[in-house]
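Single-structure report; data block below.
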Amino acid sequence: MVLRAARTPEVPLVFLCSHQSPLDGPLLSFVLLSQGIGLPRVTVGAGTSPCLRSLLQRLGGIFLPSGAAPTRSDVDEGLPGAVLDAYVQEVLRSRQPLVLFLEEPSASLRLAAPARRWLLRLLRALRDGAVPDVLVVPVGIAYDVAPGGVEQAGAPPQPLGIGSCLRAAFRALRCRHRGCAQLDFSQPFSLREFVDNNLVGPVLTGNHAEQLLLPTILGRSPLDVGSVGTPRPSLGTEEEILVTALGLHALSDSSACSAVTAVGITAALLLHRHRELVLLPRLMWDFSELLEQLLLRGRAVGFSGQLRALVQHSLRLLQPCPGPPSPLGPPKAPARARLGRLAVGIRYHLAGEAVGACAIRALLLELLPVLGPPSSLTRIVLSRDELLHKILQLLQLLPPALLGLQPCQPPDCHSLDILDKLILGGLLEEEVAESERRGCDAVPRRFCQGHSLGFFTDDSDSDSEQRLPKQCYKLREPRDFPGFLLFLCRLLSPVLRTYGRAVQFLQRAPWPQPEEDYVEALLEFLAEDDDGYPDRSLALSSLQSFKDMGVLEELQTPTGRALQLSQPFQSASSREKLAAFIHQFTQL
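The sequence shown begins at 1 in the UniProt record's numbering and counts up one residue at a time.
Written out as structure tokens, the structure is:
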């Protein structure tokens, strides 16, 4: 399909890629050149030495202006920005392939600031009529172990020079156990049609977590909460909204088409299923069962071979971890963070079911203290309304990009999709609830088809409720993979535990402070936890969620923009409510 798209007359190709390693650009260039598509122009990040920058420019690399401010808008870039706009338009007119990276290796599943500025230029070229259309191709890149990746937990990206590239190449050549890499291309789509339809803009400009989730956390009505802190900044002009929409849509597609690696499966099992001790035959059995669950969900895999050889190869590639993450002992915090980064693909591909599993856990924690422990969890019947409500709350807390959800759908539609996945995956079985059965409908709410889940109300029509029986579900688990529900819950434990620790950090941080200082201090705080996950990407995600919810607000200070704790969360009771809200999804 990519070769067919490359033959479209007068329409250039733009590849929007996930970013795992500094070798992504050369690898993708080699593949495109070998397929006859041509040598692409590759955008390169700013963290390069002057010598390497000069070399890459001669090889077809293009850079943002060195004086460009790290903001979404290009209005202050002046002449260098205008020159680069003209250069990008000329590249598109000549139908040279263009490669743009959507994320930074140290902060995966987050749309990077440089990517926003490149996408803005792409949209401007289309708006100014430089080309009639652009075919956008999301690209997923998967490594067993990304070469030149971030090895230290929470480490910021280091400047890249010719010497560091040569050292990385020599280390790769000397390494006895080499991993694999796979590139996957998603379905190309027309940028012109995307701009004309603008399906994502209404979702991005709709109600935010500040209006939907904060009243639930604080136990107040929306009118009582009012405007939290300073007014929430808008996403900007229509152009900037389109940039965000295009970036999130392409990032979701590129991550969804990335292949599952054998190392990712092994890392997920060691981190979330076998933390103490596991024999190799048991690890091989669980590897095959988890692989089967992924294949049943239509996920592509980037490996083949005998099961024992795959597992042993994965374990050998995992050995260089700091504080060896061996199955013979529990991994330490740095090794746990590295395992979490290697297993992020598994979390991404099973994120929907993981959200549903955490919602089920939260309902069980509300139910069991009232009814007492049952003889079997499969005897408990869960109300559809309550389950959808819990799923929606968790979706409003976590960024969609972190969960692999398409941004063109609102959270209530995602919650229905997640419920369908739980049923199709065999984790829930539909059953008509009877009054004498165990149920968790502690706070009955009516759900009517066609109404948004964001508008749950406690008022009800007794006559209509008598005519319409409640839909309920009974818990089930795959017969060959016992404990799969708990495994799904643990897939989100790095995310939710980071969020919980970030709430504890709010009372220790000095306010106000610059965002960069906040992130570095938060990473140091996460590293103090023996069971924590000091990961930069998760720390940045928690920061974005807190800003969206109104927990943190941005202030303009004489030294620049700074973060400030909003007025409602300056009280310890509000922070405790926020911690309790997150903790309900993380308890085991």
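Note that beta-carbon positions come from the ideal geometry of N, C-alpha and C, so glycine has one too.
Item, Value
"Identity of the residue in Gln513, Arg575, Ala142 nearest Ser258 by Cα", "Ala142"
"Cutoff 6 Å; reference Ala268; Cβ partners in own chain excluding five residues on either side", "Ala343, Ile346"
"Alpha-carbon to alpha-carbon, Pro369 and Ser493", "23 Å"
"Rounded C-alpha distance that separates Thr48 from Gly426", "49 Å"
"Same chain only: Cβ atoms within 6 Å of Phe546, ignoring 5 sequence neighbours per side", "Leu552"
"Rounded C-alpha distance that separates Tyr518 from Leu563", "8 Å"
"Residue burial classification, His249 (beta-carbon count within 10 angstroms, cutoff 16)", "buried"
"Buried versus exposed, by CB contacts within 10 Å (16 or more), Phe287", "buried"
"Contact under 8 Å by Cβ, Glu18 with Gly140", "Checking the sequence shown, residue 18 turns out to be Ser, not Glu. Cβ distance < 8 Å, so Ser18 and Gly140 count as in contact."
"Whole-number beta carbon distance between Ala107 and Leu491, since they are thought to touch under 8 Å", "Not really, about 20 Å apart at Cβ, beyond 8 Å."
"Minimum Cβ-Cβ distance from Ser566 to chain B less than 8 Å", "Among the chains in the structure shown there is no chain B, since it carries only a single protein chain."
"Opening and closing residue of the alpha helix (DSSP H) in which Thr261 lies", "Neither: Thr261 is in no alpha helix (DSSP H) and is coded neither H nor E."
"Reference Arg192; option with closest CA among Leu122, Arg167, Ser254, Arg178", "Leu122"
"Ile391 versus Gly356: straight-line alpha-carbon distance, rounded", "6 Å"
"Arg41 burial status per 10 Å Cβ neighbour count (16 or more: buried)", "buried"
"For Phe189 and residue 602, believed in contact at Cβ under 8 Å, the rounded distance", "As shown, the chain starts at 1 and ends at 588. That puts residue 602 outside it, with no answer to give."
"Span of the beta strand (DSSP E) around Thr43", "41–43"
"Gln182 and Gly302 closer than 8 Å at C-beta", "yes"
"Met1 classed as buried or exposed, judged by whether at least 16 other C-beta atoms fall within 10 angstroms", "exposed"
"Own chain residues within Cβ distance below 8 Å of Ala579, not counting five before or after", "Gly500, Val503, Gln504"
"Under the three-state DSSP convention, the category Thr586 falls into", "coil"
"CA nearest to the CA of Ile217, picked from Gln556, Thr559, Gly550, Gly61", "Gly550"
"For residue 593, the three-state DSSP class (helix, strand or coil)", "What is shown of the chain runs 1 to 588, which leaves residue 593 out entirely."
"Contact the region 110–129 vs the region 556–570: 3+ CB pairs below 8 Å", "no"
"Sheet register partners of Ile62 (DSSP bridge)", "Thr43"
"Val195 beta carbon less than 8 Å from that of residue 600", "One cannot answer for residue 600 here, as it falls past the ends of the chain, which runs 1 to 588."
"Lys474 - containing beta strand (DSSP E), residue span", "471–475"
"Candidates Pro411, Leu485, Gly404, Val131: closest to Leu388 by CA position", "Pro411"
"Cβ-based burial, residue 592 [other Cβ within 10 Å; buried from 16]", "Examination of residue 592 is not possible in this model, given that the chain is present from 1 through 588 alone."
"7 Å Cβ shell around Val91 - same chain, five flanking residues per side excluded", "Arg41, Leu98"
"For Leu565, the residue or residues it bridges with in DSSP", "Leu552"
"CB-CB length for Ala112 against Leu102, believed under 8 Å", "7 Å"
"DSSP state of Gln570 mapped onto helix, strand, coil", "helix"
"8 Å contact criterion, which Gln471 and Glu524 should meet: CB distance rounded", "The Cβ separation is near 47 Å, so there is no contact."
"Same chain, Cβ closer than 6 Å to Thr230, neighbours up to 5 away in sequence not counted", "Note that Thr230 has pLDDT 40, beneath the 50 cutoff, so the model's placement of it is unreliable and no number is given."
"Among Gly247, Ile380, His349, Leu350, nearest to Arg361 - alpha-carbon criterion", "Ile380"
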